[in-house]
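To start, the structure under review is shown below, and the notes come after it.
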Amino acid sequence: AVSFTLLQEQLHSVLDTLSEREAGVVAMRFGLTDGQPKTLDEIGKVYGVTRERIRQIESKTMSKLRHPSRSQVLRDYLD
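Using this note's numbering, the first residue of the sequence shown is number 9, and each one after it goes up by one.
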């Protein structure tokens, strides 16, 4: 339970390094806000853009998150 809380805190700190839109898209896509992952269409309606645009934002954001400067903090939880 303690490590899960730490993971959540570190995940939020990593998401805080993203733009509001990028963080929102990733949080909704993976269900970090309410436990229910959203589809590209659902997220697109929230932001008033197409699902293709959401896919592009998600793709760009995931590339950013894979960069060592951001991902190193979370790698300890993968073991």
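The C-beta atom is built at its ideal place from N, Cα and C for all residues, glycine as well. Small disclaimer: the values here were computed from a predicted structure and weren't measured.
Pairwise C-beta distances place the region 61-69 in contact with the region 28-41, as three or more of them are shorter than 8 Å. About 11 Å separates the beta carbon of Arg59 from that of Lys46, a gap too long to meet the 8 Å contact definition.
Looking from the CA of Arg63, the closest CA among Val34, Leu23 and Thr41 belongs to Val34. Within the same chain, and ignoring the five residues on either side of Arg78 in sequence, the residues whose Cβ sits closer than 8 Å to its Cβ are Val22, Thr25 and Lys72. Here Gly56 is exposed, its C-beta having fewer than 16 other C-beta atoms within 10 Å.
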